[in-house]
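Note that the working numbering has the sequence shown beginning at -16, numbered continuously upward.
Heads up, the beta-carbon is just placed ideally off N, CA and C, and yes, glycines get one too.
Comments concern the structure below.
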Amino acid sequence: MPASPTFRDAGAPSPRAVVAIDGPSGAGKSTVARQLAQQLGFAFLDTGAMYRAITLCFLRRGCAPADCAGEPDRGQARMRAALADAKLELPAGRVLLNGQDVTAEIRTQEVEAQVSAVSALPFVRAAMGDLQRQVASKGPIVAEGRDMGSVVFPDARWKIYLDAAPAERARRRCQDFATKGRVVSEADVLAEIVQRDRLDSARADAPLVRAPDAVYIDSTGLPAEAVMARLLALVRGETRAT
Ligand code: DC
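Set out below in structure tokens:
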């Protein structure tokens, strides 16, 4: 699958010049990872956005997991074909699928409902992992997701596992929706978060786990600035994450 990710060139390429930030949905990873990348002059890689874009691609081709429930083999062949044709580009802060800007569309409810099933597919994970390592081979990155430190970049120089209590994650997500003019029930969002945690942690391939050498940060009750300060101190202090 061709890809042309953009990144800010911030020094000599190194496979280990990676800040790997993992954690559950809504823990605030994207906000801090994006800011950290800016502060450090590293590229930012939102790997959840990549899984969302591939989910959108399958939805458009009518071969998302829910569309293919009755014919798994044929469904998988169609997904593999769609994946092979997909061109994913990640210019700063945006996601392009086959040349079209899908940055907003990958956040819709339709994508949300299918992305856990898509991200559980080993052939999708293999393709995304290759693409993620390809980005990292070009220069330093801050990569956020679920398996950055545990699977894709086991030799990342810095590993962080960012967590927060489910209720707090639901509250933050509702605030986020509110800024976009969407009113949603906190109870519904909490139920969805709990369900997504369950699916992401229970899948066989690259489940959401804390890498043993990742620094654990619980951001419950912590403003994003405080989390940022801890991350910057960790990276700038050249502390090996243990
Ligand atoms: O972080 P997010 O909500 O945008 O992630 C969307 C989905 O993709 C979520 O269900 C978990 C999955 N994901 C994954 O399996 N591995 C990653 N590295 C990133 C996201």
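Query: Option nearest R17 by Cα separation, candidates A216, R219, M211; Result: M211
Query: Bridge partners - G128, DSSP secondary structure assignment; Result: D5
Query: CB contact flag (A216, G6, <9 Å); Result: no
Query: Ranges of the beta strand (DSSP E) found wholly within the region 155 to 221, counting only runs of at least 3; Result: 198 to 201
Query: Closest Cα partner of F27 within the set R35, P137, T14; Result: T14
Query: Three or more C-beta pairs below 8 Å linking the region 57 to 73 and the region 155 to 170; Result: no
Query: Cβ-Cβ separation, Q97 to P48 (assumed contact under 8 Å), whole Å; Result: 6 Å
Query: CA nearest to the CA of T30, picked from D84, F41, V118; Result: V118
Query: Anticipated Cβ contact below 8 Å, S102 with A194, distance rounded; Result: With a Cβ gap of about 18 Å, S102 and A194 do not count as contacting.
Query: A109 - DSSP class collapsed to helix/strand/coil; Result: helix
Query: For L145, the three-state DSSP class (helix, strand or coil); Result: strand
Query: Cβ contact (3+ pairs, closer than 8 Å) linking the region 45 to 64 and the region 170 to 190; Result: no
Query: Contact test: L191 Cβ vs the ligand DC heavy atom, cutoff 8 Å; Result: yes
Query: Residues near G58 in its chain [Cβ-Cβ closer than 8 Å; skip 5 each side]; Result: C46, P48, D50, C51, A52
Query: Inside the region 40 to 93 only - alpha helix (DSSP H) runs reaching at least 4 residues; Result: 55 to 68
Query: Rounded separation between F(-10) and I124 - CA only; Result: Here F(-10) scores only 34 on pLDDT, less than 50, and its place in the model should not be relied on; the value that follows carries that caveat. Whole-angstrom Cα-Cα distance: 8 Å.
Query: Rounded distance between the beta-carbons of R140 and R(-1), thought under 8 Å; Result: 5 Å
Query: Top-ranked residue by Cα proximity to D130, from R43, G112, I176; Result: G112
Query: A126 vs I37 beta-carbon contact at 9 Å; Result: no
Query: Cα-Cα separation, K121 to C40; Result: 26 Å
Query: First through last residue of the alpha helix (DSSP H) which encompasses A26; Result: Element bounds for A26: not the alpha helix (DSSP H) but the beta strand (DSSP E), 26 to 29.
Query: Environment of R219 [buried if 16+ CB atoms lie within 10 Å]; Result: exposed
Query: I89 to M33 span [Cα, whole Å]; Result: 9 Å
Query: Buried/exposed call for A20, threshold 16 Cβ in 10 Å; Result: buried
Query: Proximity to G24 [Cα-Cα], best of V1, G11, R35; Result: V1
Query: Where the alpha helix (DSSP H) containing K12 begins and where it ends; Result: 12 to 23
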